[in-house]
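Colleague:
And the structure:
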């Protein structure tokens, strides 16, 4: 049932997790150092688990494998796609995020120019390639053609559909390295069953930045609306502020696969556990 390196944990007798180390500090978290964790010898006949084992390229297959053993991942394959891939979540959020188009085959420059004009922000349907500016912020047709040559060979991008987005003027935090997307006033938010359980700066390694109370109300209100519209159990929403002050959705992700960025993992899981305890308490009438 479990693949090499994977482990099943029952955390605080409230939450089942399927974990595996990835070697990425932004993602891994030692649950048993901060919470009471058990490794039961005998499992219930069926249980729902959150996976924190990195990104699976075969999520639907893994879901079916585990389901056959009575272990049900918190997201069905359909929910996973809705949370993760822009062509699935974008139609529900068109008024909250930059205009976007995507292509089953790598497009030519003329097609992109006709649909969006220049410049554009380009990415795979799930992610960029290590935030490289030269592969993301495309100023014109010649740069686009060069980027497409790299996309065909890039280990992160070659298997993803190409997404082109309207390039919006975002509030800058810092420029960063020469070939890295400039850091914007962007925040990662985690939502568990529609409720906020953690937020923090997306560009957590650079110059520190945070939101005022008024900005929190507006940005997190937008995140809550996204969580309502997508209605999946464990959602990540990345939000950024334009220079005009308007907040927009940058992207969505499955919380099972997402790195913490500037979010405290301890606080995040403590909040989820508290919600699960509250759900388990019988109501008196």
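In this note's numbering, the protein residues as written are 9 to 293.
We put the beta carbon where it would ideally sit given N, CA and C, even for glycine.
All values derive from a computational prediction rather than experimental measurement.
Relative to the alpha-carbon of residue 201, which residue among 179, 236 and 176 has its alpha-carbon at the smallest distance?
Modeller: Checking every option, the nearest Cα to that of residue 201 belongs to 236.
Colleague: Starting from the N-terminal side, write out each stretch of the alpha helix (DSSP H) that is 4 residues or longer and does not extend beyond the stretch 132-210.
Modeller: If we require 4 residues or more, the alpha helix (DSSP H) runs fully inside the stretch 132-210 come out as 149-159.
Colleague: Identify every run of the beta strand (DSSP E) within the stretch 78-116, keeping only runs that are complete inside it and at least 3 residues long; order them along the chain.
Modeller: List check, beta strand (DSSP E) in window: 79-81 and 108-111.
Colleague: Please report the residue range of the beta strand (DSSP E) in which residue 59 lies.
Modeller: That run of the beta strand (DSSP E) goes 55-60.
Colleague: Looking at C-beta atoms only, is the number of pairs between the stretch 145-152 and the stretch 177-187 that lie closer than 8 Å three or more?
Modeller: Not touching, per the Cβ criterion.
Colleague: Where in the stretch 213-257 do unbroken runs of the alpha helix (DSSP H), each at least 4 residues long, occur, reported from the N-terminal end onward?
Modeller: If we require 4 residues or more, the alpha helix (DSSP H) runs fully inside the stretch 213-257 come out as 221-238.
Colleague: Please list, in chain order, all residues of the same chain as residue 109 whose beta carbon is under 6 Å from its beta carbon, the five residues on each side excluded.
Modeller: If we look at residue 109 and ignore the five residues flanking it on each side, its Cβ neighbours are 123 and 172.
Colleague: Work out the CA separation of residue 106 and residue 292 for me, nearest whole Å.
Modeller: Annotation note: pLDDT 47 at residue 292 (below 50); position unreliable, no value reported.
Colleague: Taking Cβ to Cβ, would you say residue 93 is nearer than 8 Å to residue 153?
Modeller: Not closer than 8 Å, so no.
Colleague: Classify residue 292 as helix, strand or coil using the three-state DSSP reduction.
Modeller: Only weak support is given to the placement of residue 292: the predicted model assigns it a pLDDT of 47, under 50, and the value that follows is read from those uncertain coordinates. In this structure, residue 292 counts as coil in the three-state DSSP scheme.
Colleague: Can you tell me the Cα-Cα spacing of residue 85 and residue 73, whole angstroms?
Modeller: Near 12 Å, if we compare the C-alpha coordinates of residue 73 and residue 85.
Colleague: What is the C-beta distance between residue 54 and residue 76, in whole angstroms, given that I count them as a contact (C-beta under 8 Å)?
Modeller: So it is not a contact: roughly 11 Å between Cβ atoms.
Colleague: Is the beta carbon of residue 280 sitting closer than 8 Å to the one on residue 181?
Modeller: The answer is no: Cβ separation not under 8 Å.
Colleague: So, helix, strand or coil for residue 65, using DSSP?
Modeller: Residue state, collapsed to three classes: coil.
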